[in-house]
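Participant:
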Amino acid sequence: SYTDFFVLATGQNQRQTKAIWDDVHARLKQDERALPASVAGEPEGRWIVADYLDVVLHVFTPEAREYYRLEELWGDVPSIELDAAAV
94 SYTDFFVLAT
104 GQNQRQTKAI
114 WDDVHARLKQ
124 DERALPASVA
134 GEPEGRWIVA
144 DYLDVVLHVF
154 TPEAREYYRL
164 EELWGDVPSI
174 ELDAAAV
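For the sequence shown, position 66 matches number 159 in our numbering, and the numbering has no gaps at all.
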């Protein structure tokens, strides 16, 4: 398999997607000593992808998430919905 989990998150704009990525990256680095094998899309901030091997993080703007519709590509796998208050 490619990865065990996809984590999909949406920021309201490019600035917020970068802020989400910066926070997740800093926390994983500090708390878990985890660094991604690769990161793409960081300068633009429309769709940031960080590959942590077992987990791939996708942070989208609303427009990019609607355009790429990753949920539809893997629609037959279990989905866990989290609201912002639970995270």
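For glycine and all other residues, C-beta sits at the position ideal for the given N, C-alpha and C.
Pop quiz: residue 97 and residue 148 are said to be a contact at Cβ under 8 Å. What is the actual Cβ separation, rounded to whole angstroms?
Facilitator: Indeed they touch by this definition, with Cβ atoms about 7 Å apart.
Participant: Could you give the residue range of the beta strand (DSSP E) that holds residue 100?
Facilitator: 98-103 is the extent of the beta strand (DSSP E) around residue 100.
Participant: Restricting to Cα atoms, I'd like to know which of 126, 167, 162, 123 is closest to residue 103.
Facilitator: Minimum Cα distance to residue 103 is reached at 162.
Participant: Could you compute how far the alpha carbon of residue 156 sits from the alpha carbon of residue 111?
Facilitator: Their backbone Cα atoms lie some 15 Å apart in a straight line.
Participant: Distance, Cα to Cα, residue 120 vs residue 127?
Facilitator: Distance between the alpha carbons of residue 120 and residue 127 is about 9 Å.
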